[in-house]
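Protein chains in written order, with the numbering used here: chain A, 1 to 468; chain B, 1001 to 1233.
Glycine is no exception: its CB is placed at the ideal position from the N, C-alpha and C atoms.
The structure appears right after this line, and notes come after that.
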Amino acid sequence: MPSKGRYSYYVEPAALEVTERPARFLRAFAAVLEHANYAPALDLYARVGVKCARCTAACQLYESTGAAEDIPCRRSELLLRVYRRYFTSAGSLRARLGDAFVLSDEYIDEMAEAYYRCTACRRCSAFCPMGIDHGLVTHLARWLLAEVGVIPKALVVAVREQLEGVGNTSAIPVPGLKDTCEFLEEEILESHGVHVRFPFDVEGAEYVFFPAVSDYLLEADTLMGNAAVLHATGASWTIGTGNYDGINYGLFYSDRMMERIVKNVVAEVRRLGGRKVLVGECGHATRAAWYIPTFGGPDAPPVVNCLQYAHAMLEAGRLPLKPERITERVTYHDPCNIARQGRITEEPRALLRAICSDFVEMTPNRTTNYCCGGGGGTVSIDEIRAFRTGPMGRSKARQIRETGAHYVVAPCANCKKQLREVCEDNDLDGVEVVGLHDLLLRVIDLQPAGGDSVSRSSAGALATVAQG
Amino acid sequence: MESAIKLLSGPIFRAAVVFFALGLARGVFLLVWELRRTYRRAGDQQIPLRRVGSAALGWLVPHRKLTVQPVFGLVSMAFHMGLLLTPLFLAGHVALVAASVGIAWPTLPNPVATALTLVVLVAAPTLVLLRVASRPGRALSGWRDYALPLLVAVPFASGILVMHPAWNPFPFQPTYLMHLASADLALFLVPLTRLSHMAFLPLTQLATELAWHFPPDAGSRVGAALGKAGEPV
């Protein structure tokens, strides 16, 4: 039963007799190859993979388990085998000559297990001599699995709430959001003696702020740090009540969902007449926002991560800091989604060196950092905590222990949750996991800016950041 | 036997060279064509060419990658150097081409070519042994993974015996026949197997980068194609 699209495929009647799901998987595969941009890379991977096993030196999961099913190359081979078999003429010919491989329900279940044991951190992609990006294969495989209904409940529930429910992944209603921000304003007033506002629905603001919405529930210090930095640097910024969630779990399981969520962010910026998207401390939210030029059209708003913003202000001499510094030992965890490609690695380090007297690096770091162990959305799945903090988190726990740090700075909502659990489950009792803005809040000097918003524009200092 | 040698060094060799060259050229052309199409429909066409180029070059000249699995890396580099340099720059091969089509290029001194051939002959079984000795290597490998390095070493083994008759315990003609047949077979196999990475490797990093540059409406189109447009999450 060949399809009529560019990517035809061949499914034996025998496979269809067993169940409908493999056929639906292949239809989804054909549609994705037709309409997305994965086909050339996948075709190349299917041709050139030499199975040298060098990727095993990169994978923290394989390092822990030593199990064959955790070899990145083997995991990718699961999908490449389906591709070769159903989407290449050689595979089709082999099938007609008696190749025994048929996509079955059991095989789909094996892929589901494999592709959700991987956090898609992409560390292994830098180790593959053939240039195979196993993270890309995981990303694609998860989308195909989602089209046949295989999605972790935690991810699909969050996306459903964001797209069809209250409008954000934590189901925080607007009154709740405003109450929280009022509380945060009072906290800053109490600690710093300055009234720092969380402005809502300001039209024409330079920055529309999209943190991980869970920060409003869990990361008060991070948000207060964000607001303090924006206040002290005189930024024109706002929170939109139409959409105030930077989280995009579509990135973890479906480009269809990701596209819708990104478009909603752009729509909110346009509703408010804002000029730029300012993303809070969240790795995957930042990476998803970097897709705004893809989905937002030619006049898509530029994207700035709050670390880039704070760093640009520091460089411009516009970030007022108290003379005292953080004296406890501090180390930095690079969130994969912003560091793996080398996009945001130096800005947070410059900030930390400016405010900490004892900053130490984890090893490895930057583009070859270890994942926190909860990447790819798996941190949301509470049922697999033992897996996340055990086999998946062990390497990170060792890294943290070796630094001897008191503070682990992780500028990412998901990494923070995961690292706290890693520390709890691996006896790292004296370690505190915080955001970078949590520490900035402690040393920022709000007095020079006073209690009112300062009107000077921060556009100049950030011109280059927004282009990046 | 002489007629078989004539056949393998004449029409079959020419066919193998043409198949090798056109097969790889076709593959690269189709890939570039697809990458061009992919690029044109990407919503964000800002490609970080410097990073992509640097990554591609880093694997084409991989001396900086030897910090991970250094033994495997060194053996593999030596294997590939011998594999590429010896057949292309062996004085005997260049002389045959010059006699046939009148084109010549610089050649390796014969002792160097012999040394490189010996490197291939040591490296090929070593790569297989390293694969056997490695637990993940064994878990990943099928018979093709063991056979291919050994197969490409056969023309080198027979070639060195042809070059150095004093070392050859076998009669010359069967050895020469083996050299020709295995070389022709290897040339035919390159475009059909993973050996084709010799042509595709420079493009894998770019293909990966472009795969991450989604078309702006890919998700919607897939949804529509699957009859899921407007379907609740």
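- Serine 380/A and arginine 388/A have their C-alpha atoms some 10 Å from each other.
- Under DSSP, leucine 278/A takes part in a beta bridge, and its partners are Phe209/A and Val304/A.
- Between the region 329-348 of chain A and the region 275-291 of chain A there are three or more C-beta pairs closer than 8 Å, enough to call the two in contact.
- Leucine 1189/B is outside the set of residues whose beta carbon lies under 9 Å from a beta carbon in chain A.
- If one requires a minimum length of 4 residues, the alpha helix (DSSP H) runs lying completely within the region 1113-1158 of chain B are 1135-1140, in chain order.
- Under DSSP, glutamate 77/A shares a beta bridge with no residue.
- Under the DSSP assignment, valine 443/A falls in the alpha helix (DSSP H) whose first and last residues are 436-443.
- In the DSSP assignment, valine 1052/B falls within the unbroken alpha helix (DSSP H) covering 1049-1060.
- Contact of glycine 1010/B with chain A is not assigned, every C-beta pair being separated by 9 Å or more.
- DSSP places tyrosine 244/A in the coil class of the three-state scheme, outside both helix and strand.
- The Cβ-Cβ distance between phenylalanine 1072/B and leucine 1150/B does not fall below 9 Å.
- Interface annotation, leucine 441/A: not in contact with chain B, CB-CB separation never under 9 Å.
- Valine 148/A sits close to phenylalanine 25/A, with the two beta carbons spaced by under 9 Å.
- Boundaries of the beta strand (DSSP E) around threonine 331/A: 330-332.
- Within the region 1216-1231 of chain B, the residues whose Cβ lies closer than 7 Å to some Cβ of chain A are Pro1216, Ala1218, Gly1219, Ser1220, Arg1221, Val1222, Gly1223, Ala1225 and Leu1226, listed in chain order.
- With respect to the 9 Å criterion, alanine 1124/B and phenylalanine 1089/B are not classified as neighbours on the basis of their beta carbons.
- Its chain contains Glu69, Arg75 and Leu78 as the residues whose beta carbon lies nearer than 7 Å to that of alanine 114/A, once the 5 sequence neighbours on both sides are disregarded; these appear in chain order.
- The beta-carbon of threonine 294/A is placed less than 9 Å from the nearest beta-carbon of chain B.
- Three or more beta-carbon pairs drawn from the region 304-321 of chain A and the region 339-353 of chain A are found closer than 8 Å, and the two stretches are therefore classed as touching.
- Taken through DSSP and simplified to helix, strand or coil, isoleucine 1012/B comes out as helix.
- For tyrosine 115/A, the enclosing alpha helix (DSSP H) covers residues 105-117.
- Less than 9 Å separates the beta-carbon of valine 159/A from that of tyrosine 249/A.
- Fewer than three Cβ pairs drawn from the region 171-191 of chain A and the region 263-270 of chain A lie within less than 8 Å of each other, which leaves the two stretches out of contact.
- For cysteine 356/A, the three-state secondary structure derived from DSSP is strand.
- From the beta-carbon of histidine 134/A, no residue of chain B is found nearer than 9 Å; the closest lies around 10 Å away.
- Only Gly1137, Ala1139, Leu1140, Ser1141 and Asp1145 from the region 1137-1153 of chain B bring a Cβ to less than 8 Å from some Cβ of chain A.
- By the neighbour-count criterion, in which 16 or more other beta carbons inside 10 Å mark a residue as buried, glutamine 418/A falls on the buried side.
- In this structure, isoleucine 132/A sits near threonine 1208/B, with a CB-CB distance shorter than 9 Å.
- Taking a C-beta distance under 9 Å as the contact criterion, histidine 333/A and methionine 362/A qualify as a contact pair.
- Residues of chain A with a Cβ closer than 7 Å to the Cβ of aspartate 1044/B are, in chain order, Pro293 and Thr294.
- Close to tyrosine 38/A, with beta-carbon spacing below 8 Å, are these residues of chain B in chain order: Ala1211.
- Around the beta-carbon of glutamine 1046/B, fewer than 16 other beta-carbon atoms lie within 10 Å, marking it exposed.
- Going by DSSP, valine 48/A is part of no beta strand (DSSP E) but of the alpha helix (DSSP H) stretching over 39-48.
- Interface with chain B (9 Å Cβ-Cβ cutoff): threonine 363/A is excluded.
- Taking all protein chains shown into account, leucine 278/A has 16 or more neighbouring C-beta atoms within 10 Å of its C-beta and is therefore buried.
- Comparing alpha carbon positions, the residue from Val82/A, Ala57/A, Arg54/A and Glu421/A closest to leucine 42/A is Val82/A.
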